[in-house]
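Chemist:
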Amino acid sequence: MFSVAARSIGVMGTTRSAFSISRIVASSRPLFASRISNNASLTLAQKPYSTFKEISVEAKKNRPLSPHLGIYKPALSFYMSGANRITALSFSALSLVGCVSAALAPLFGLHFDSSVALAYVASIPDPIFYSIKFAGAAVVSYHSIAGIRFLIWSRAKLLSLKQVQSSGIAVLAITAACASYLTFFF
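Using the numbering used here, you'd call the opening residue of the sequence shown number 1 and step up by one each time.
(1) Assuming contact is defined by CB atoms lying nearer than 8 Å, are V139 and T87 in contact in what I supplied?
(2) Can you grab the Cα-Cα spacing for the pair L89 / L76, in whole Å?
(3) Touch check for the region 136 to 152 and the region 174 to 186: three-plus C-beta pairs under 8 Å?
(4) Taking only three categories from DSSP, how would you classify S101?
(5) Considering I145, what are the terminal residues of the alpha helix (DSSP H) in which it resides?
(6) Closer than 8 Å by C-beta to I169: which residues in its own chain qualify, once you throw out the five before and the five after it? Chain order, please.
(7) Do the region 78 to 87 and the region 143 to 153 touch if we need at least three Cβ pairs shorter than 8 Å?
(8) Is the beta carbon of L161 sitting closer than 8 Å to the one on I152?
(9) Per DSSP, what kind of secondary structure is G82 in: helix, strand or coil?
(10) In terms of residue numbering, what span does the alpha helix (DSSP H) encompassing G168 cover?
(11) Would you tell me roughly how many angstroms separate the C-alpha atoms of S56 and I71, rounded to the nearest one?
(12) Between R149, S154 and R155, which has its C-alpha nearest S166's C-alpha?
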């Protein structure tokens, strides 16, 4: 059992014979006993392992190197998972900064009224205003719709590969529609 697993990962190659001979046979063969005690004359592959550390070091030498991530083509769900986490962090960070700045503004002599905020927003040129509004609407829309998709997955629905891919495309399409609506009509 152990020897099959050890042989498959390259831990015990030629040393298996040293462990498989019983003590009775080893004591009746002084030549074999002298070879075991004289480890300096053996090559590293023939030495019996005495510690777990030596076994793991030898096993690591025989393992192939893992391929780099550059050879893989990540699926759409890989990117969407990362985007969902990034949108959550950005939305949380911007909300926190906005709340803290509104709370601390009076301490620094700044007046943060709705009329001041409205005047500032009205002074922003339209292309920049709509770009910022679209980015904010896209973050909120994407995170919300991806969260609904996750809740559907939690109910063990839409879990086949084809359904995961099609629901991912649907989330992106609904996000674009919602973000456009919130940007230009809300």
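Where a beta carbon is used, it is the ideal one built from N, C-alpha and C, also for glycine. The model shown is predicted, which means the values in this text are computed figures rather than measured ones.
Modeler: Here's the rundown:
(1) yes
(2) 20 Å
(3) yes
(4) helix
(5) D126 to S154
(6) Close CB contacts of I169 within its chain, under the 8 Å cut and outside five residues either way in sequence, are with L76 (chain order).
(7) Yes: the two stretches touch, three or more of their Cβ pairs being nearer than 8 Å.
(8) In this structure, I152 does not lie closer than 8 Å to L161 by Cβ.
(9) helix
(10) L161 to F184
(11) 28 Å
(12) R149
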